[in-house]
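One structure below.
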Amino acid sequence: MRRTPIVLALLGALALTGCSSGGQSAQSAAPPASSAPAGSGATFAVITHGAAGDSFWDVVKNGAEAAGSQYGVTVTYQGDGDPARQSQLIDQAVSQQVDGIVVSMANPDALREAVGEAVAAKIPVVTINSGADSSKAFGALTHVGQSEDVAGRGAGEQLKAAGVTKLLCVVHEAGNIGLDQRCRGAEETLGGTVERLQVDVSNLADVTSKVTATLQSDQQVNGVLALNPAIAIAARDAIRDSGSQAKLATFDLSADVVTAIQDDEILFAVDQQQYLQGYLPITFLNLYKNNLNTVGGGLPVNTGPGFVTKDNAEQVARLAEAGTR
């Protein structure tokens, strides 16, 4: 089609009115849509069984908040190790009509009703960390975490290779099915004896005392497996205090654990990359809200296990300082 002089003049005028005083067009002056979060106004509640000040759960929280900032959504975080109070927190989130709930299920049976109420209210739920076996049955979209059985078997294999024949598995939360799975997994592959010691994670001095007493009374114990980074440091102190030559390994990371690995005080840490257990559920809930995407196909999304040893501890230490490992 031929353009007449009138049409060309109109096009020129439009081009001029579309320019800013600095010579850029209005369209080019606006930031691209991908440079800022969409800001859907959604609110997602993260409710875990982690106690306040627990370094492991601090990293989970960091991951969730980082995802919230990236997507322009509000993320609230609360934790309580008492399953009854954790259920109450879930009930509160339901009553507040949040757009999604992330929940760790260390004691699934105790949370069944509360999670069921959330699902019945058509609030999407993603479970994390513990309770993978119950997640689908409870109606959650997916589970994000590691297979505790697989992780336990991996730990048992490495401890066996290190010469451990009698292992003390230190359980720090009564009723936490994931911790029992870790101990059972280690027992399957160790090829030796595994004994459990129940302790209280909120009293680390008592943990050190109990592990010390056990090592002194049974000198055949030549390996200790902690299931929490704070417990690992308490167990390290117990090995020193008792004069034991027991080899120590742990689940999960902290800056102190990484330093202890570098100093040959801990053999390795089983890393479930808990930052992802905060970050990915917020990502999945945001995708579900905006695009009805589901992830996992009915199977858990695994974040581990990985292993931190002296070979890679220096790199991980830098990341742990940033609060992402």
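Under mature numbering (1 follows the signal peptide of the UniProt record, and there is no 0), the letters of the sequence shown match residues -25 to -1, 1 to 300, in that order.
Glycine included, C-beta positions come from ideal geometry on N, C-alpha and C.
In this text, all values refer to a predicted model and were calculated from it rather than measured experimentally.
#1: Can you find the residues in the same chain that come closer than 6 angstroms, C-beta to C-beta, to Val168, ignoring five residues on each side of it along the sequence?
#2: Going by C-alpha to C-alpha distance, which of Asn277, Asn268, Ile236, Gly106 sits closest to Gln290?
#3: Distance, Cα to Cα, Cys144 vs Ala201?
#4: So, is Gln61 buried or exposed, given that buried needs 16 or more other C-beta atoms within 10 angstroms?
#5: Return yes when the Cβ of Ala27 is within less than 7 angstroms of the Cβ of residue 301, no when it is not.
#6: DSSP has Asn277 in a bridge; who is on the other side?
#7: Rounded to whole angstroms, what's the CA-CA distance from Asp155 to Thr278? Just pull it up for me.
#8: Would you give the residue range spanned by the alpha helix (DSSP H) that Glu170 belongs to?
#9: Rank Gly138, Lys185, Ser109, Gln191 by C-alpha distance to the C-alpha of Ile152 and give the top, closest one.
#10: Mark Asp239 as exposed unless 16 or more other C-beta atoms lie within 10 angstroms of its C-beta, in which case mark it buried.
#11: Any Cβ of chain C within less than 7 angstroms of the Cβ of Gln252?
#12: Can you list, in chain order, the residues of its chain whose CB lies under 6 angstroms from that of Gly75, leaving out five sequence neighbours each side?
#13: Measuring alpha carbon to alpha carbon, tell me which residue in Val182, Thr258, Ala85, Ala295 is nearest Ala17.
#14: Among Pro204, Ala59, Glu296, which has the Cα closest to the Cα of His147?
#15: My output table needs one value for Val94: the three-state DSSP class, helix, strand or coil.
#16: Starting from Phe31, follow the alpha helix (DSSP H) in both directions and report where the run begins and ends.
#17: Since Leu64 and Ile103 are thought to touch, with beta carbons under 8 angstroms apart, how far apart are those beta carbons, to the nearest angstrom?
#18: Taking Cβ positions, are Glu132 and Thr164 nearer each other than 7 angstroms?
#19: Please report how far the alpha carbon of Val119 lies from the alpha carbon of Gly218, in whole angstroms.
#20: How far does the alpha helix (DSSP H) with Gln71 in it reach, from first residue to last?
#21: So for Gln191, helix, strand or coil by DSSP?
#22: I'd like to confirm the pairing. Which residues does DSSP put opposite Cys144 in its beta bridges?
#23: If you reduce the DSSP assignment to three classes, tell me which class Gln220 lands in.
#24: Spell out the partners DSSP gives Thr269 in its beta bridges.
The relevant details are as follows:
#1: It should be noted that the sequence gives Thr, not Val, for residue 168. Cβ neighbours of Thr168 beyond the five flanking positions: Lys141.
#2: Ile236
#3: CA-CA distance, Cys144 to Ala201, rounds to 6 angstroms.
#4: buried
#5: Any question about residue 301 goes unanswered here, given that the chain covers just -25 to 300.
#6: In DSSP, Asn277 forms a bridge with Gly120.
#7: 19 angstroms
#8: First-last for Glu170: 168 to 173, but that is the beta strand (DSSP E), not the alpha helix (DSSP H).
#9: Ser109
#10: exposed
#11: Annotation note: the requested chain C is absent from the structure, which comprises a single protein chain.
#12: Phe19, Pro99, Leu260
#13: Thr258
#14: Pro204
#15: Here Val94 sits in helix by DSSP.
#16: 30 to 46
#17: Their Cβ separation, rounded to whole angstroms, is 15 angstroms, which puts Leu64 and Ile103 out of contact at 8 angstroms.
#18: yes
#19: 40 angstroms
#20: Careful: Gln71 lies outside any alpha helix (DSSP H) and carries neither H nor E.
#21: Under the three-state reduction of DSSP, Gln191 is assigned to helix.
#22: Arg171, Leu200
#23: The DSSP-derived three-state label of Gln220 is coil.
#24: In DSSP, Thr269 forms no bridge with anything.
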